Amino acid sequence: MNTNRKSPFLLNGVVANWVIGKTKGIWGLPLKGLTWDCAIAHLQELGFIAGSEVLAISGPKAHFRAVIGSARGVYFDTSPLWPFGRGREIYPVRIELTNIQDINQDWFNGPKGDLWRVPLQDVYFSKRSLYVLPPQSFKYPHVNQTTVFGTAPHSSGVPPTSVSDFISLEDGTAQAFSQFGFKIEQLGHKRPLERVPDGIGMLQRSLANYAKTLNASPYFVVWDCKYDCGPNGLKAADERAIKEYIETYAPTRKAEADAGVFWFLIVARDKAVADKVYSGVSQWTWVGECHRLGLRGLRVISLSTLLGLVKTRQSVVDTDDFLLSLLPREFAKPYLG
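To convert, take the position in the sequence shown, counting from 1, and add 733; that gives my numbering.
Rendered as structure tokens:
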């Protein structure tokens, strides 16, 4: 997958629809005869996933910059949102928009007409809706680099990237649990048509059996990633989804994990987001009732803190001791941050 994007994706649409899209924090791409599986596989191959930067444009005009969220990311939805056009078409390939920043400037300063398409590469089946600037277009004279990239033109003609070797929040979290030594399974954005959390990590069967000989409780970890949230925490829909994961999904995996208890982690993009998520989660009164289902704890942790625990794991020679003692001790903290 090509995930190291040096420029944002450019999403093209009419002004009236962008007003709706910005208000609802959502956008859509058409299928036009494609299957959903074909469309989502292509978009993932492009690196058009949670965490990717997009530029909302109408021809040569840039309206705002945004980031694809991780709560829903790119998903399938046939409920109408935009007014039907002449073709009575809906846009079921939905895109969650977060971190919206107004621009309202021309990104292309060339002649009027359709010449704004010249420096762009259409990457979505020639539907004239999703574009990128290919490397050879970085020096195109009519492209306003400050508008497109959010920075002044670079001396080399190639715009700097703020994220080197970009990896999505979901993939970064999965890699962290894999480095801990868990047997992991990525769910969420890997199964866009299913209502499941982003991932699950299980102890190796031999280690689970060893834990029993020590009178310790084998456990597994379920996690869900959040790229952003409101000032008062997660939305009600996010809370309902997490409650469902804890009450319905996690208990179905106990037998496979050979464990009677589990931790549920909400992994936030950074500590600022983790703080906001925790402010809301700490008010959820239903969590205590889930201990009867095997929930050891619902914790909020930032990806940076999680990666810090990976470094701790790498400094511990005894992997068994880390997974059976040190890591549960960390998860026992009320707030991981």
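C-beta: ideal position from N, C-alpha, C; glycine also. Every value quoted in this text rests on a predicted model; they were computed, and no experiment measured them.
Nearest Cα to P1067 within the set L1039, L1060, G1030: G1030. Taking C-alpha positions only, S791 is separated from G784 by approximately 22 angstroms. In the displayed model, D961 falls within coil according to three-state DSSP, outside both helix and strand. Taking each of L863, L967, V929 in turn and checking the Cα distance to V826, the smallest one comes out for L863. Classified as buried, N745 has 16 or more neighbouring CB atoms from the shown chains inside 10 Å of its CB.
Shortest Cα-Cα distance from L743 to any of D991, L866, A804 involves L866. In this structure, S939 lies away from V994, with their beta-carbon atoms at least 8 angstroms apart. Relative to the Cα of T880, the nearest Cα in the group D855, S740, K845 belongs to S740. Looking at the DSSP output, A1001 shares a beta bridge with K959, S1035.
N842 sits close to H875, with the two beta carbons spaced by under 8 angstroms. Taken atom to atom, the span from the alpha-carbon of K916 to that of T946 is near 21 angstroms.
Between W996 and V954, the C-beta spacing is below 8 angstroms. Judged by DSSP in its simplified three-state form, S791 adopts strand. In the DSSP assignment, F910 falls within the unbroken alpha helix (DSSP H) covering 902-913.
Under DSSP, E977 takes part in no beta bridge, so it has no partner. DSSP places H875 in the coil class of the three-state scheme, outside both helix and strand. Taking C-beta separations shorter than 8 angstroms and ignoring five residues to either side along the sequence, the partners of D839 in its chain run P793, K794, A795, N877, T880, following chain order. In the DSSP assignment, G754 falls within the alpha helix (DSSP H) that extends over 748-757. In this structure, A804 places its C-beta atom within 8 angstroms of the C-beta atom of D971. The C-beta distance from K1009 to C962 rounds to 5 angstroms, short enough to meet the 8 angstroms contact threshold.
Within a 10 Å sphere around the beta-carbon of R1002 sit 16 or more other beta-carbons, which makes this residue buried. Straight-line spacing of the CA atoms in L853 and L1026 works out to 53 angstroms. For N842, there is no enclosing beta strand (DSSP E), as DSSP gives it neither H nor E.
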